[in-house]
Amino acid sequence: MKIRRQYMGVILFLFAVLSALTACGSDGSINVEQTAVPSLAATDAIPQTSDAVAIQPTTAVPDTPTAEPPSPIPPTPTTPPTIPPPAATDLSVSTSGLFLYPVPEIFAGDRVTFQILATVPEAVIPDEVPVHIFVDSVELANGTLGWRNLAGEAVGLFEWAWDTTDQIGTHTVQVILDPNDVIQIGDEDPTNNVAEVTAVVQDPALLLPAEANATWVTAETNCCTVHVVSNTAAYRDLSDLLTVVDTAFAQASERLEELPNRKYDVYLVDRVIGQGGYAGSAMVVSYSDRHYVSSGLHEVIVHEAVHLIDRQFAPQRIIFLAEGLAVWTSGGHYKQEDLDQRSAALVELGRYLPLPQLIDDFYPVQHEIGYLEAAGFVNYLVKTYGWSQFRAFYTDVTQEDAATLSEAMNVNLQTYFGITLAEAEADWLAYLDSLPPDRTAVTDLQTSLRFYDTMRRYQRTYDPTAYFLTAWLPYPQELTEAGNPADLTRHPETDINIALEVMLQAADTALREADYNRANVLLDSVDRVLDNNGVFIDPLAVQYLSIVQVAGTQGYEAQQVRVDGNHASIWATRGNTAVLTQLSMTLNGREWILSE
11 MKIRRQYMGV
21 ILFLFAVLSA
31 LTACGSDGSI
41 NVEQTAVPSL
51 AATDAIPQTS
61 DAVAIQPTTA
71 VPDTPTAEPP
81 SPIPPTPTTP
91 PTIPPPAATD
101 LSVSTSGLFL
111 YPVPEIFAGD
121 RVTFQILATV
131 PEAVIPDEVP
141 VHIFVDSVEL
151 ANGTLGWRNL
161 AGEAVGLFEW
171 AWDTTDQIGT
181 HTVQVILDPN
191 DVIQIGDEDP
201 TNNVAEVTAV
211 VQDPALLLPA
221 EANATWVTAE
231 TNCCTVHVVS
241 NTAAYRDLSD
251 LLTVVDTAFA
261 QASERLEELP
271 NRKYDVYLVD
281 RVIGQGGYAG
291 SAMVVSYSDR
301 HYVSSGLHEV
311 IVHEAVHLID
321 RQFAPQRIIF
331 LAEGLAVWTS
341 GGHYKQEDLD
351 QRSAALVELG
361 RYLPLPQLID
371 DFYPVQHEIG
381 YLEAAGFVNY
391 LVKTYGWSQF
401 RAFYTDVTQE
411 DAATLSEAMN
421 VNLQTYFGIT
431 LAEAEADWLA
441 YLDSLPPDRT
451 AVTDLQTSLR
461 FYDTMRRYQR
471 TYDPTAYFLT
481 AWLPYPQELT
491 EAGNPADLTR
501 HPETDINIAL
511 EVMLQAADTA
521 LREADYNRAN
531 VLLDSVDRVL
541 DNNGVFIDPL
551 AVQYLSIVQV
561 AGTQGYEAQQ
571 VRVDGNHASI
581 WATRGNTAVL
591 TQLSMTLNGR
601 EWILSE
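According to my numbering, the residues represented by the sequence shown are 11 to 606, in order.
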């Protein structure tokens with residue numbers, strides 16, 4: 011992933027290993043009822059803890075859970091085809107497009123960042139839209155909609171603009187676009203140019219000491235300077251992670267045949283951002299115990315390392331090739347994969363996109379489809395023409411070569427390989443068609459696409475500032491100097507968040523174990539909660555929520571949960587530490603009991 015500053019801002023190459031405050035800060039409505047609980051495949055028990063405690067769950071669960079369905083469950087689509095919204099005709103801003111960081115809570119002493127996602131019609135130039143921010147009727151900052159996110163939306167970004175030291179209490183935040191009504195064409199209705207929210211700045215005494223005293227800690231490896239925040243999962247596992255980082259950079263360097271020309275900065279942060287990481291001149295990678303996006307840490311770091319190292323020989327490479335090369339170098343997207351069979355599965359599922367369409371508008375495409383297709387095509391070119399010739403081609407393709415990126419690809423394919431883009435695509439598809447069928451690859455890809463669609467649906471609803479197309483991705487060096495560690499560690503942690511995140515994490519684990527039945531049962535359950543606006547009526551979701559709540563009454567925060575019939579295995583943290591504790595619970599009638 012690559013980060014560039016443009017329009018006073020940034021166009022980011024985000025891994026999608028890597029999104030309004032009220033949604034993050036609310037538990038929502040939890041409504042449970044007695045119903046049968048589906049059982050999932052057995053797993054080894056976790057060592058038990060002392061002090062058995064019987065606690066009434068929030069719902070009644072039958073004594074005998076039902077058995078797992080005997081046959082594979084086909085993945086069901088979670089994201090129906092959408093009709094593009096009508097083009098905007100009037101400049102406007104609403105409270106749903108106003109984000110204050112850190113999320114979901116602000117404590118006195120935090121330096122608050124404002125992110126404004128506005129609606130901008132084609133007739134209006136975003137860089138020329140004045141933005142003014144007021145706190146309690148006093149102007150705090152001003153600028154323009156000079157940034158862009160991965161969705162291509164105009165963004166007003168004001169980083170660390172409000173120092174909340176000694177500001178405990180309730181404040182009115184008001185954002186006004188074009189307050190002097192200078193813009194006439196495209197802003198005929200100035201009444202919708204104002205958004206106002208209430209911001210509560212809390213007493214920092216309410217913070218746990220670990221967060222109140224959080225500091226950045228650094229360590230050196232052969233390749234990198236690794237940065238973590240004290241008392242986080244990354245800090246706890248730092249000695250092991252140093253080896254992981256070195257190994258990943260070594261793989262990237264070897265496959266690219268390019269030695270790093272300097273030590274790179276790697277930031278391992280305690281929250282999910284987008285697909286798991288992003289990179290520019292430095293790398294940010296999510297590392298948390300409840301990492302609900304993906305557990306492919308090695309692949310994520312290799313991927314981001316490619317985006318750092320390849321800039322040494324291809325500083326202007328185009329997005330399609332950059333992401334394809336990063337997946338190819340990693341050996342897969344989130345996990346090791348046969349890119350040929352994976353690409354053939356994409357065609358068989360009817361999800362393949364014509365290359366010109368994908369090349370010209372890469373990021374809005376369903377993330378896994380875009381990255382896989384790009385990697386598959388890169389893999390084909392390398393296998394057909396060799397790495398040296400491909401590298402020369404990769405280095406030379408830039409957006410300056412033609413009016414569109416696909417035409418730039420077309421021109422350079424002819425220069426380096428004597429073939430047009432249309433011919434290369436046809437040859438590649440013919441090659442994929444010649445491969446022997448692999449039903450497992452098809453099922454795995456189908457379930458993977460469903461997993462990430464459901465995960466992003468969860469993000470948009472309950473962790474919106476993590477959603478990759480709209481996420482704020484701060485430059486880490488600037489953040490460590492001017493921002494807050496909480497910008498990259500604090501995140502929503504209500505019971506709904508925890509329950510759905512451990513379910514998504516369990517689904518990812520099942521997918522990696524090729525247990526597609528289990529993965530789809532879990533995804534069905536998560537989807538039903540999302541379909542019901544956070545109401546837990548699905549039996550399996552009720553089970554996970556009850557376990558999370560029982561653990562919470564004993565001072566534990568669940569990080570990973572596996573449910574097997576009337577037994578639950580839990581990994582949890584407690585209080586002011588990042589120490590993981592293994593717990594075991596048993597369903598006794600209608601009660602989950604923390605076992606000795």
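Glycine is no exception: its CB is placed at the ideal position from the N, C-alpha and C atoms.
Can you have a look at residue i and say buried or exposed, based on whether 16 or more other CB atoms are within 10 angstroms of its CB?
i, result
"residue 332", "buried"
"residue 523", "exposed"
"residue 192", "exposed"
"residue 46", "Annotation note: pLDDT 33 at residue 46 (below 50); position unreliable, no value reported."
"residue 334", "buried"
"residue 602", "buried"
"residue 605", "buried"
"residue 499", "buried"
"residue 609", "Past the boundaries of the shown model lies residue 609; the chain is included only from 11 to 606, so the question cannot be answered."
"residue 294", "buried"
"residue 587", "exposed"
"residue 595", "buried"
"residue 197", "buried"
"residue 449", "exposed"
Our contact map puts residue i next to residue j with C-beta atoms below 8 Å; I'd like the distance itself, whole angstroms only.
i, j, result
"residue 103", "residue 185", "6 Å"
"residue 108", "residue 134", "Actually they do not touch by this definition, with Cβ atoms about 19 Å apart."
"residue 236", "residue 278", "7 Å"
"residue 166", "residue 141", "4 Å"
"residue 343", "residue 404", "Actually they do not touch by this definition, with Cβ atoms about 19 Å apart."
In whole angstroms, what separates the C-alpha of residue i from that of residue j?
i, j, result
"residue 527", "residue 220", "40 Å"
"residue 480", "residue 374", "11 Å"
"residue 122", "residue 150", "11 Å"
"residue 579", "residue 412", "56 Å"
"residue 415", "residue 181", "46 Å"
"residue 230", "residue 174", "34 Å"
"residue 213", "residue 496", "15 Å"
"residue 288", "residue 110", "21 Å"
"residue 321", "residue 574", "47 Å"
"residue 296", "residue 245", "13 Å"
"residue 584", "residue 549", "27 Å"
"residue 351", "residue 385", "12 Å"
"residue 431", "residue 439", "12 Å"
"residue 323", "residue 313", "16 Å"
"residue 507", "residue 516", "14 Å"
"residue 124", "residue 597", "46 Å"
"residue 459", "residue 215", "43 Å"
"residue 543", "residue 383", "34 Å"
"residue 592", "residue 259", "32 Å"
"residue 40", "residue 301", "Confidence in residue 40 is poor, its pLDDT being 31 and thus under 50, which makes the residue's placement unreliable; the coordinate value appears in the next sentence. In a straight line, the C-alpha of residue 40 is about 23 Å away from that of residue 301."
"residue 234", "residue 226", "16 Å"
"residue 486", "residue 457", "34 Å"
"residue 617", "residue 590", "Within the shown structure, residues of the chain are numbered from 11 to 606, placing residue 617 beyond reach of any answer."
"residue 272", "residue 290", "14 Å"
"residue 540", "residue 397", "45 Å"
"residue 170", "residue 209", "15 Å"
"residue 217", "residue 280", "16 Å"
"residue 127", "residue 164", "6 Å"
"residue 207", "residue 139", "21 Å"
"residue 200", "residue 243", "48 Å"
Confirm, please, whether the CB-CB distance from residue j to residue i is below 8 Å.
i, j, result
"residue 263", "residue 319", "yes"
"residue 211", "residue 179", "yes"
"residue 419", "residue 303", "no"
"residue 299", "residue 569", "yes"
"residue 305", "residue 463", "no"
"residue 475", "residue 482", "yes"
"residue 250", "residue 232", "no"
"residue 379", "residue 363", "yes"
"residue 6", "residue 395", "Here the chain covers residues 11 to 606 and nothing more, so residue 6 does not appear."
"residue 326", "residue 408", "yes"
"residue 391", "residue 339", "no"
"residue 455", "residue 356", "yes"
"residue 248", "residue 238", "yes"
"residue 130", "residue 97", "no"
"residue 478", "residue 160", "yes"
"residue 317", "residue 336", "yes"
message: So, does the segment 439-456 touch the segment 320-335, judging by three or more C-beta pairs under 8 Å?
response: no
query: Is the number of C-beta pairs between the segment 554-570 and the segment 505-516 that are closer than 8 Å three or more?
result: yes
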